[in-house]
């Protein structure tokens, strides 16, 4: 039995989101008494979020599911500075135009997962550039900077790690934690925000905002962090051998997104179903107990549910159908990546590299020699093999068991 009384903290706990809370008892009581407004910040450093960010979006989804109001903070201001947390080097500085473009690309992910309406628990999307870019430097130093000590800032892991490795930490990045703390103060003043949520690497930044709000306005606000999610093999969530698993379709096709979840390690299935889906807990208990080849049924549920939430139901249905045709039916589904080799054809190594299945022709040659490459399920062992496709026909190209594509003329 959970020690918590509020639907909010019980939900966060039972779905595997809980790591640290600044004052669990007080937050629990507050969530039982009134609608709590909480926020998570996302710096628009790329045109799409990836599944590492999805864990934080799910915190806002759980907040809303429990009847509270989520705020999505687009870090148009903080992204101009760069968060040193979890970074080994200085972030690349982005232009105003690039930040605006990235924000446009990111917004759709939130609109699919959260409910934006006029109800009390309707989500808000706000850009912190609205206030940070208007903040005078002298004003920031006088009104905010006096509440931060260099001694304390040097104790944060994000700073210590960079200094211990003798890696540069610029003065502008050092100000990031001050700017983020100021966000909390503004959101409390303007929207009655009482809760900031984030990954465990944001604990120091969250505590800074809590303390600043208390010192300047005398208001009690709270912080909640979720554990950073790693896979059973120890790899960081959000990455694959081929790069980031992006949420946006134009950054990663729906089939590849679906397939990432379908390839989840057996040991991670239950955890990921709890965190990234709304599948009922008793059903998750049943699914994660499956053994042998039956655990693949649970992985398909996981892939379908996450893809439906992030990309929409049509994308999930199409990706699942493509997988069925490719693996079970011996065919090739419509969602697979496609490459035209023209009337003259193309060498097999070039095809693999052009599709992004291999990083170079050298790697392609090694895979071919290893026997990992098949064309229409027939092994191709000759690196100089010319792939030719008849007019109106297509071929299925496979690298190993997980990478498949359609080759056309």
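In the numbering used here, the protein residues as written are 6 to 414.
Each residue gets a CB set at the ideal place from its N, CA and C atoms; glycine is no exception.
query: Please determine, among 348, 183, 41, the residue with the shortest C-alpha to C-alpha distance to residue 196.; result: 41
query: Please list the segments of the beta strand (DSSP E) lying wholly inside the stretch 178–223, counting only runs of 3 or more residues, in order along the chain.; result: 200–204
query: Answer yes or no: do residue 234 and residue 128 have a C-beta to C-beta separation smaller than 9 Å?; result: no
query: If you draw a straight line from the alpha carbon of residue 31 to that of residue 121, how long is it in whole angstroms?; result: 28 Å
query: Do three or more CB pairs link the stretch 341–359 to the stretch 390–400 at distances below 8 Å?; result: yes
query: In whole angstroms, what separates the C-alpha of residue 376 from that of residue 364?; result: 17 Å
query: If I follow the unbroken alpha helix (DSSP H) through residue 327, where does it start and stop?; result: 318–328
query: Would you kindly report the start and end of the unbroken beta strand (DSSP E) that includes residue 43?; result: 42–47
query: Is it buried or exposed for residue 124, if we count other Cβ within 10 angstroms and need 16 for buried?; result: exposed
query: According to DSSP, is residue 229 helix, strand or coil?; result: strand
query: Per DSSP, what kind of secondary structure is residue 406 in: helix, strand or coil?; result: coil
query: First and last residue of the alpha helix (DSSP H) that includes residue 267?; result: 259–267
query: Ends of the beta strand (DSSP E) at residue 74?; result: 74–79
query: Nearest to residue 16 by alpha carbon, out of 44, 50, 64?; result: 64
query: Could you have a look at residue 59 and say whether DSSP puts it in helix, strand or coil?; result: helix
query: Which term fits residue 378, buried or exposed, when burial requires 16 or more other beta carbons within 10 angstroms of its beta carbon?; result: buried
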